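Q:
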C-alpha cells in the first residue's frame, strides 16, 4: 500500500568532530535520499544527559521533513546517514558524530523492537522540545513550548544560532 507524504519531526544531535558540519551534512544527506526538509530549528547546545563519564556538549536541532517512506524505511535511511558520518554504535550514551531520531510522525504510532514513535523520551528532553517548539505549537494535544519551558528550568540548554543550516539547503 503506498504511503502518502506526511510530516515527520527528526531530532539531530552531535558531540564529536565538526559538530555544525555534521548536522549540515546530515540535512543534505536527507535531501539526497529523497526526503524533503521543510523546516529546521535554531541550533541549541546542551550537556549530555545520563552519562557516567565526561564528554563534550551536544549541538541539537529538530528538522521537519516530508516523506512517503514507511517509518521502518525512514529509520533505515537515518541509520545509513549515521554510518556515513562515522557513527558505529547505536543506542549508547557514548560521544557520537551524529544522532538522528524519529521524534513524531503525522498520523502514525509505532512500537517495535527497533522503533517507537512518538519517541519514548520526547517529552522528557529540553534539548528536543526547545527546538521542536519553534516548528510546531502542539503535538498530541500537548503544548510543546509550555513543556519545553518547564524542562528548560531543570536542564541546561542554550540557543546558540538561528540560520546555521543554510549551507545544507538545496533550493
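In the numbering used here, the protein residues as written are 640 to 810. Built from N, CA and C at the ideal position, the CB exists for glycine as well. Since this is a predicted model, take the numbers as computed values, not measurements.
Who are the near neighbours of residue 787 in its chain, counting only those whose CB is closer than 8 Å to its CB and skipping five residues on each side?
A: Numbered from 1 along the chain shown, position 148 holds the residue referred to as residue 787. Closer than 8 Å at the Cβ level, and outside the excluded window around residue 787, lie 765, 768, 769, 771 and 772.
Q: Give every residue of the same chain whose Cβ lies closer than 7 Å to the Cβ of residue 668, excluding the five residues on either side of it in the sequence, and list them in chain order.
A: Numbered from its first residue, the chain shown carries residue 668 at position 29. Closer than 7 Å at Cβ, skipping near neighbours: 720 and 723.
Q: Can you give the Cα-Cα distance for residue 762 and residue 789, rounded to whole angstroms?
A: The residue you call residue 762 lines up with position 123 of the chain shown. The residue you call residue 789 lines up with position 150 of the chain shown. Residue 762 and residue 789: Cα-Cα distance of roughly 10 Å.
Q: What are the uninterrupted segments assigned as alpha helix (DSSP H) that are 4 or more residues long and contained completely in the segment 688–767, given in chain order?
A: Runs of the alpha helix (DSSP H) inside the segment 688–767: 710–723.
Q: Here's the rule I'm using: 16 or more other beta-carbon atoms within 10 Å means buried, otherwise exposed. How should residue 732 be labelled?
A: Translated into the one-based positions of the chain shown, residue 732 becomes position 93. Residue 732 is exposed by the Cβ-count criterion.
Q: Can the beta-carbon of residue 651 be found less than 7 Å from the beta-carbon of residue 662?
A: The residue labelled residue 651 in the question sits at position 12 within the chain shown. The residue labelled residue 662 in the question sits at position 23 within the chain shown. Contact flag set, yes.
Q: Decide if the segment 745–758 is in contact with the segment 694–704; the criterion is three or more beta carbon pairs, one per stretch, under 8 Å apart.
A: No: fewer than three Cβ pairs fall under 8 Å.
Q: Could you give the DSSP three-state label for residue 667: helix, strand or coil?
A: For this step, residue 667 is matched to residue 28 along the chain shown. In the structure shown, residue 667 sits in a helix (DSSP, three-state: H, G or I).
Q: Is the Cβ-Cβ distance between residue 685 and residue 774 less than 7 Å?
A: Locating residue 685 in the chain shown gives position 46, counting from the first residue. Locating residue 774 in the chain shown gives position 135, counting from the first residue. No. Outside cutoff.
Q: Check each candidate in 644, 658, 692 and 646 and name the one with the smallest Cα separation from residue 736.
A: The residue you call residue 736 lines up with position 97 of the chain shown. Ranking the options by Cα distance to residue 736, first place goes to 658.
Q: In this structure, does DSSP put residue 660 in helix, strand or coil?
A: For the purposes of this step, residue 660 is taken as residue 21 along the chain shown, with counting starting at 1. It is helical.
Q: Along the chain, where does the alpha helix (DSSP H) containing residue 790 start, and where does it finish?
A: Sequence index remark: in the chain shown, residue 790 carries index 151 (1-based). Note, residue 790: alpha helix (DSSP H), 783–791.
Q: According to DSSP, is residue 773 helix, strand or coil?
A: Mapped onto the chain shown, residue 773 falls at position 134. In this structure, residue 773 counts as helix in the three-state DSSP scheme.
Q: In angstroms with no decimal places, state the Cα-to-Cα distance between residue 712 and residue 665.
A: Working through the chain shown from its first residue, we reach residue 712 at position 73. Working through the chain shown from its first residue, we reach residue 665 at position 26. Going from the Cα of residue 712 to the Cα of residue 665 covers about 17 Å.
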